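Chemist: In this text, residue positions in the sequence shown follow this note's numbering: the first is -6, and each later residue adds one.
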Amino acid sequence: MPHDFMPGLAGVPAAKSAISDVDGDRGLLEYRGIRVEELCDRSSYLETTYLLLFGRLPSPQQLAKWNEDVIGHRRLKYMIVDLMKCLPDQGHPMDALQAAVAALGMFYPGRHVKSEDNNYWSAVRLVAKLPTIVAAWARLRHGDEVIVPRDDLGFSENFLYMLTESEPPPLWSAVFDDCLILHAEHTMNASTFTGMVTASTLADPYTVVASAIGALKGPLHGGANEEVVQMLRDIGTVERVRSYVDEKIRRKDKLMGFGHRVYKVKDPRAVVLQRLCERLFQESGPSPLYEIAMKLEQVAGESLNAKGIYPNVDFYSGIVYDKMGIDIDLFTPVFAISRVSGWLAHWLEQLRENKLFRPDQIYAGDHNRPYIPIDQR
Ligand code: SDX
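1) May I have the straight-line CA-CA distance separating E30 from I140, to the nearest angstrom?
2) Check P304 in the structure and name its three-state DSSP category.
3) Go ahead and pull the three-state DSSP assignment for M(-6).
4) Would you say N182 touches the ligand SDX, meaning its beta carbon is less than 7 Å from a heavy atom?
5) Using the Cα positions of R49 and T41, report the straight-line distance between them to the nearest angstrom.
6) Counting C-beta neighbours from all protein chains within 10 Å, is the total for T194 16 or more, i.e. buried, or is it exposed?
7) Under the DSSP definition of a beta bridge, which residues are partnered with V15?
8) Below 8 Å on the Cβ atoms is my contact criterion, and I expect F308 with G250 to pass it. Report the Cβ-Cβ distance as a whole number of Å.
9) Which ranges does the alpha helix (DSSP H) cover as unbroken runs of at least 4 residues, wholly within the stretch 324 to 365, from first to last along the chain?
10) Start and end of the alpha helix (DSSP H) containing C172?
11) Buried or exposed, going by whether 16 or more other CB atoms sit within 10 Å of the CB of L213?
12) So, at 6 Å on beta carbons, what are the nonlocal neighbours of P372 in its own chain, with the 5 sequence-adjacent residues on each side left out?
13) For a test of the three-state rule: what should DSSP assign to I319, helix, strand or coil?
14) From the DSSP output, in three-state form, read off R67 for me.
15) Per DSSP, what kind of secondary structure is R370 in: helix, strand or coil?
16) For the stretch 223 to 302, which segments carrying the alpha helix (DSSP H) assignment without a break, of at least 4 residues, lie completely within its bounds, in sequence order?
17) For I27, which residues does DSSP report across the bridge?
18) Once the 5 residues before and after T191 are set aside, which same chain residues still bring their CB inside 8 Å of it?
19) Please determine whether the Cβ atom of G215 lies at a distance below 7 Å from any heavy atom of the ligand SDX.
20) What's the C-alpha gap between W340 and P198?
21) In this structure, does DSSP put E109 in helix, strand or coil?
22) When the Cα atoms are used, what is the spatial distance from L266 to S310?
23) Going by Cα to Cα distance, which pick from E276, S334 and W130 is closest to L90?
24) Cβ of K371 within 7 Å of any heavy atom in the ligand SDX?
25) Less than 7 Å separating the Cβ of I302 from some heavy atom of the ligand SDX?
26) Are the beta-carbon atoms belonging to S331 and L119 less than 8 Å from one another?
27) Please state whether the Cβ-Cβ distance between S36 and E178 is less than 8 Å.
28) Would you mind stating whether I302 and V231 have Cβ atoms separated by less than 8 Å?
29) Mapping the DSSP letters down to three states, classify Q83 as helix, strand or coil.
30) Is the beta carbon of P326 closer than 8 Å to that of V127?
31) Could you tell me the alpha carbon to alpha carbon distance between N112 and P81, rounded to whole angstroms?
32) Whole-angstrom Cβ separation of S184 and W336, contact assumed at under 8 Å?
33) Just checking my contact of D170 with Y38 at CB under 8 Å: how many whole Å lie between their CB atoms?
34) Would you decide whether V234 is buried or exposed? Buried here means 16 or more other CB atoms lie within 10 Å of its CB.
35) Are at least three pairs of beta-carbons, each pair with one atom in the stretch 162 to 169 and one in the stretch 264 to 279, less than 8 Å apart?
See below:
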C-alpha cells in the first residue's frame, strides 16, 4: 500500500533512534535522555561526544582515554595541508572542509565498516581533526602558516588557539564549548539524514561525514548562522529593524534564523545562546548586533509567532562567534565541528541494524511516448 507523499518527508519517521529527542511544542531537547541545558551547565563538549557516540556518560577512566585518543589524533597529514594549499583562497570554508574530509579517508585504509575497532578510530580521527582542518583553512587562505594543535589545551581552547596562535580568555573557551554542546545533535535534521543515507550504502565514515557537510552548508540549514549575522549587519541599527521586517514580510521572504520544522516555540538552544551572549558581553563588552537581534526577535514575533515561527539555534549563535572575532564564513564550519558527533552517533547506530535507504516516488510523468527523430522535431 503506497504511503502518502509528504514534501520534505515532513513528520515522516525515517529511523528509530535513541540518540536525541526534540519536543517541538514544549521546546525541549535531550541527548541520550539528558536535557541539553544540564549538559551545558555540567558537562563538556568532549564528554558530550562520548555520551552521543556510546550512549552513556563515561567513567573517569573512559573519559581520560577518550580525551587522550582525541588529543593524539588532532594533527593533519602534511598532504591534507598541501591539498588545502591548492584550493582557491576565496573559496568557502565549507567547501574546503568537505574536500579535506573526503580526502582524509584516503590516508586510513581501515575504512570498511565491519570492524568496531576501525569504526572507533575513524570516529576519533573525525572528531579530532575537523577543528584542525577548519583552523588550518582559516590560516592558509590568508597566507599564514598552519598552527599545530597543542596537546595541553582542551578541545575548545585548542580550536580558538589554532585560529590566532594566542590562548583564548577562559570565558571564551567555556562559552564556545557550550556552543559546541548545543550544536552537537538534533534528531533527523537534513545533514544527519544525508549522512544516514550515505551510511546505509556501507560507505566509509569519512564519506558519510563529507556528504553531511554538503547538506549542512545550505542556508536553510547550517548556513543560516552566517546569513543571520549578514542580515544584522545589513540592518545596521535598531531603528531600521521595523522597516526591514515589514519589507521581508511583505515580500514573503524567509527571515534567516527564524522558524523550524519541529520547534513551534522558541528553540531552547536559542534561549541558552542568549544567556551565553550576555555572559560574553559582561567581560568583553556589548555587541550592537545583539541589540539589533533582540529588536528583530520582538518585531518579527508580532507577525510570525502566531504561526509558530520563532528564533532557532542559528539566530544568536553567530553573534557569539562574531564577538570572539571568528570570521563570518567560519560559522557553519564551527557548526560542523560540533555536529560531526551527532552524524557519527547516527552512523554507528545505523550500522547496528542497517537497511539501505531507498524510498519510493509518485510518478507524475508520461508513458509510452514515441522517439521523434531529430530531423522531425
Ligand atoms: C537548522 O532540522 C533541524 O533540526 C535543523 C537544525 C539542527 O540543529 O540540525 O535545528 C538547524 O537548520 C535550523 C534552521 C536554520 N534555517 C533558517 O533559519 C532558515 C530560515 N528558516 C526557514 O527556511 C524555515 O523555517 C525552515 C526551513 C527552517 C523550516 O521550514 P519548513 O518546516 O519547511 O516550513 P515552510 O518553509 O514550509 O514554512 C511554513 C510556513 C510558510 O508560510 P506559508 O507559505 O504556509 O504561509 O512558515 C513560513 C513559510 O513562509 N516560514 C517563514 C519562515 N520559516 C517558515 N516565514 C518567514 N520567515 C521564516 N524564517
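Just so it is clear, CB atoms sit at the ideal spot from N, CA and C, and this is done for glycine as well.
What you are looking at is a predicted structure, and each value in this text was computed from that prediction instead of being measured.
Modeler: Considering the structure as presented:
1) Numbered from its first residue, the sequence shown carries residue 30 at position 37. Numbered from its first residue, the sequence shown carries residue 140 at position 147. Cα to Cα, the separation comes out at about 33 Å.
2) The residue given as residue 304 occupies position 311 in the sequence shown. Note: P304 maps to strand in three-state DSSP.
3) Here residue -6 corresponds to residue number 1 of the sequence shown, with the count starting at 1. With a pLDDT of 49 at M(-6), under the threshold of 50, the modelled position of this residue cannot be trusted; read the value that follows with caution. Taken through DSSP and simplified to helix, strand or coil, M(-6) comes out as coil.
4) Here residue 182 is taken as the residue at index 189 of the sequence shown, counted from 1. Relative to the non-hydrogen atoms of the ligand SDX, the Cβ of N182 comes within a distance shorter than 7 Å of at least one.
5) Reading the sequence shown from its first residue, position 56 is the one you call residue 49. Reading the sequence shown from its first residue, position 48 is the one you call residue 41. Straight-line Cα distance between these residues: approximately 9 Å.
6) For the purposes of this step, residue 194 is taken as residue 201 along the sequence shown, with counting starting at 1. Classification of T194: exposed, given that the 10 Å Cβ count is below 16.
7) Locating residue 15 in the sequence shown gives position 22, counting from the first residue. Looking at the DSSP assignment, V15 forms a beta bridge with L22.
8) As a working note, residue 308 is residue 315 in the sequence shown. As a working note, residue 250 is residue 257 in the sequence shown. Yes, F308 and G250 are in contact; Cβ-Cβ is about 3 Å, under 8 Å.
9) Listed in chain order, they are 324 to 345.
10) For the purposes of this step, residue 172 is identified with residue 179 of the sequence shown, where counting begins at 1. Segment P163 to L175, the alpha helix (DSSP H) holding C172.
11) Mapped onto the sequence shown, residue 213 falls at position 220. Burial call: exposed.
12) The question about residue 372 has no answer, for the chain in this structure spans -6 to 370.
13) Along the sequence shown, one-based indexing puts residue 319 at 326. Note: I319 maps to coil in three-state DSSP.
14) In the sequence shown, counting from the first residue as 1, residue 67 sits at position 74. DSSP places R67 in coil when its eight states are reduced to three.
15) By one-based count along the sequence shown, residue 370 stands at place 377. Per DSSP, reduced to three states, the secondary structure at R370 is coil, with no helix or strand assignment.
16) You should have 234 to 243, 261 to 277 and 281 to 297.
17) As a working note, residue 27 is residue 34 in the sequence shown. Answer is Y24, bridged to I27.
18) Here the question's residue 191 lines up with position 198 in the sequence shown. Taken in chain order, the residues that qualify are T200, V201, S204 and A205.
19) Residue 215 sits at position 222 when you count from the first residue of the sequence shown. Taking 7 Å as the cut-off, one finds at least one heavy atom of the ligand SDX near enough to the beta carbon of G215.
20) Here the question's residue 340 lines up with position 347 in the sequence shown. Here the question's residue 198 lines up with position 205 in the sequence shown. Their backbone Cα atoms lie some 8 Å apart in a straight line.
21) One-based indexing of the sequence shown puts residue 109 at position 116. Helix.
22) Indexing the sequence shown from 1 puts residue 266 at position 273. Indexing the sequence shown from 1 puts residue 310 at position 317. Between L266 and S310, the C-alpha separation is close to 6 Å.
23) Numbered from 1 along the sequence shown, position 97 holds the residue referred to as residue 90. Looking at the Cα atoms, W130 is the closest of the given residues.
24) Outside the displayed range of the chain (-6 to 370) lies residue 371, so it cannot be described from this structure.
25) Position 309 of the sequence shown, counting from 1, holds the residue named residue 302. Correct: I302 has its Cβ closer than 7 Å to the ligand SDX.
26) The count along the sequence shown starts at 1 and reaches residue 331 at position 338. The count along the sequence shown starts at 1 and reaches residue 119 at position 126. Judged by their CB atoms, S331 and L119 are not nearer to each other than the 8 Å cut-off.
27) Along the sequence shown, one-based indexing puts residue 36 at 43. Along the sequence shown, one-based indexing puts residue 178 at 185. Against a cut-off of 8 Å, the Cβ pair of E178 and S36 comes out as no contact.
28) Position 309 of the sequence shown, counting from 1, holds the residue named residue 302. Position 238 of the sequence shown, counting from 1, holds the residue named residue 231. Not closer than 8 Å, so no.
29) Here residue 83 is taken as the residue at index 90 of the sequence shown, counted from 1. Looking at Q83 - three-state DSSP - the assignment turns out to be coil, as it is neither helix nor strand.
30) As a working mapping, residue 127 is identified with position 134 in the sequence shown. As a working mapping, residue 326 is identified with position 333 in the sequence shown. Cβ distance < 8 Å, so V127 and P326 count as in contact.
31) Numbered from 1 along the sequence shown, position 119 holds the residue referred to as residue 112. Numbered from 1 along the sequence shown, position 88 holds the residue referred to as residue 81. Cα-Cα distance, rounded: 32 Å.
32) Taking the first residue of the sequence shown as 1, we reach residue 184 at position 191. Taking the first residue of the sequence shown as 1, we reach residue 336 at position 343. With a Cβ gap of about 7 Å, S184 and W336 count as contacting.
33) The residue labelled residue 170 in the question sits at position 177 within the sequence shown. The residue labelled residue 38 in the question sits at position 45 within the sequence shown. Right, the Cβ-Cβ distance comes to about 5 Å (below 8 Å), so this counts as a contact.
34) What you label residue 234 is simply residue 241 of the sequence shown in a count that begins at 1. Under this definition V234 is a buried residue.
35) They touch, by the three-pair rule.
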